[in-house]
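Colleague:
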Amino acid sequence: MYSLPKNVYRERIDFSKIKTTIPIPNLIEIQKKSYERFLQMNKLPSEREDAGLQSVFKSVFPISDFRENSSLEFIEYSIGNWECKCGRLTGLHHLRKECSGCGHILTADPYGDGHVICPNCGKENEARGEICDVCGQTVALKLKYDVDECQERGMTFAVPLKVTIRLVVWNKDPETGVKTIRDIKEQEVYYGDIPLMTDHGTFIINGTERVIVSQLHRSPGAFFHSEDKQLFIAQIIPYRGSWVEFEYDAKNLLYVRIDRKRKFLATVFLRALGLRSADEIIRSFYTVDRVHLRNGARYWAVNDSLVGLRAAKDVAIPGSDVSVTANKKISASAVAALKKANVEAIEVMESEFEGAFAAADAVDPSTGEVIVEANEEITARIISIAEEKGVQHIDLFFPEKD
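Counted the way our numbering counts, the sequence shown spans residues 37 to 438.
1) To the nearest angstrom, report how far apart E405 and R103 are at their CA atoms.
2) Pull the bridge partners of R132 from the DSSP assignment, please.
3) Which stretch, first to last residue, makes up the beta strand (DSSP E) that contains G228?
4) Assign Y275 to one of two classes, buried (16 or more other C-beta atoms within 10 Å of its C-beta) or exposed (fewer than that).
5) Mark R254 as exposed unless 16 or more other C-beta atoms lie within 10 angstroms of its C-beta, in which case mark it buried.
6) CA-CA distance, Q223 and L108?
7) Quick check for students: name the residue ranges of the beta strand (DSSP E) that lie wholly in the region 85-126, counting only runs of 3 or more.
8) Can the beta-carbon of F389 be found closer than 8 angstroms to that of I407?
9) My guess is that A381 and D431 are in contact by the Cβ rule of under 8 angstroms, so how many angstroms apart are they, rounded?
10) On the three-state DSSP scale, how would you describe Q271?
11) Taking three-plus beta-carbon pairs below 8 angstroms as touching, is the region 120-131 in contact with the region 165-182?
12) For N339 and R319, I'd like the C-alpha separation in whole angstroms.
13) Check each candidate in V204, N411, D229 and name the one with the smallest Cα separation from K180.
14) For my contact list, A347 and V358 are in at a C-beta cut-off of 8 angstroms; report their separation, rounded to the angstrom.
15) Just the C-alpha distance for T238 and H140, rounded to the nearest angstrom, thanks.
16) Compute the distance between the beta-carbons of Q76 and Q90, then report whether it is under 8 angstroms.
17) Expressed to the nearest angstrom, what Euclidean distance is found between the alpha-carbon atoms of G257 and I294?
18) Could you check whether H328 and Q428 sit closer than 8 angstroms to each other, using their CB atoms as the reference points?
19) By how many angstroms is the C-alpha of C168 removed from the C-alpha of K208?
20) Under the three-state reduction of DSSP, which class applies to R417: helix, strand or coil?
21) Look at K365 and G332 and say whether their C-beta atoms are less than 8 angstroms apart.
22) Per DSSP, what kind of secondary structure is V183 in: helix, strand or coil?
23) Going by Cα to Cα distance, which pick from R202, T143, N156, A144 is closest to P98?
24) Mapping the DSSP letters down to three states, classify D397 as helix, strand or coil.
25) What is the residue span of the alpha helix (DSSP H) that T303 lies within?
26) Report the CB separation of L142 from K133 in whole angstroms; it is logged as a contact under 8 angstroms.
27) Whose C-alpha, out of A286, A368, E245, V92, is nearest the C-alpha of E185?
28) Below 8 angstroms on the Cβ atoms is my guess for I153 versus E160; work out the distance and round it to an integer in Å.
29) For D145, which of C135, G165, N288, K376 has the nearest alpha-carbon?
30) Find out if the Cβ-Cβ distance for the pair Y113, V199 is shorter than 8 angstroms.
So this is what it looks like as structure tokens:
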């Protein structure tokens, strides 16, 4: 960290008679240590922990194209330019030295002239790293403007962030799908400037000294809200990335907002996620049932959706005391008995299809004409036309029930 100018004109005088036995701790040590661990700028790439910037880059990379013919891989990053005064020595490795006692690799202090204690054997070693033969200086962070100059010029106290990226181009066998490397290129890319923290735990942004304050952060997850007019809103807050909001309008249409921008239909969002057809979207969110059309009757496949519907005729279930009565609601015990008796479908009343929508296109088998499209409301007239055209079954769902 880098020091601000010390005020030499004002001296703090203590008039208290009782001396303090406990020294005042460093109240900004947590902030300084946290930012040091986030940057890890004084460490070589091989010495860095999986935390901070290192963890962020590793979580984002590798990045592949849609066909997976090429990929970008993260190698390492560097913060600032580390060199001696004349520029002959460059790189952080010049600040590494071996312990004179055990040979353990130590990190030298570019700004100190004292000693560093080896954590392995406990022996004291000189704190300075390799000395340049030309300028007599060791490697240190080269700054374009120091703290004072940044405040005077209205600049940001920052250093460049550079990332080494590797581009790998693949050849894929169309028959076996085995990939082989065709070309590899590696290059250091300038990502931008990253602010440095001063010795007071502050940042110099456009010449102004600023601090980072804690703020409330919405926990990631899914949140549901109900407004006064019974319009429901759902928010998906990720740990990192864009917020996604789902909301209904007055016409009961579902819309999506990404980062609170202009809303668009939710079906567009779902198609972008890979649900290509209306049939796929419907089957992902609704319970789809199949109704068979035979001789003017409507037969419902025996499943749990049959509970609560009214049967068109009396049905005696073999081997069971439970029976199905015409024009009466079918109970859960009756459905269980029908399943046990291996009954595939029973006839239901035509009024039970009120509010039903088609889950898939119903097509005339002879001409290929679409009688009813997916997500279109099913009426008694449509069912009659479908039966006349020779359609054997219709897949449907009830949006209000689900």
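Don't be surprised by glycine CBs; every beta carbon is placed ideally from N, CA and C.
Modeller: With the given structure in hand:
1) Between the C-alpha atoms of E405 and R103 there is a straight-line separation of about 36 angstroms.
2) Looking at the DSSP output, R132 bridges to T143.
3) 215-231
4) exposed
5) exposed
6) In a straight line, the C-alpha of Q223 is about 11 angstroms away from that of L108.
7) 106-115, 117-119
8) no
9) Not quite, the Cβ-Cβ distance comes to about 14 angstroms (not below 8 angstroms), so this is no contact.
10) strand
11) yes
12) 16 angstroms
13) D229
14) Going by Cβ atoms, the distance from A347 to V358 rounds to 13 angstroms, so no, they are not a contact pair.
15) One C-alpha to the other measures close to 35 angstroms.
16) Yes, the pair counts as a contact, with Cβ atoms nearer than the cut-off.
17) 15 angstroms
18) yes
19) Straight-line spacing of the CA atoms in K208 and C168 works out to 50 angstroms.
20) helix
21) No; because the gap between Cβ atoms is not below 8 angstroms, this pair is not in contact.
22) helix
23) R202
24) In the three-state reduction of the DSSP assignment, D397 falls in the coil class, being assigned neither a helical nor a strand state.
25) 302-308
26) 5 angstroms
27) E245
28) 6 angstroms
29) G165
30) yes
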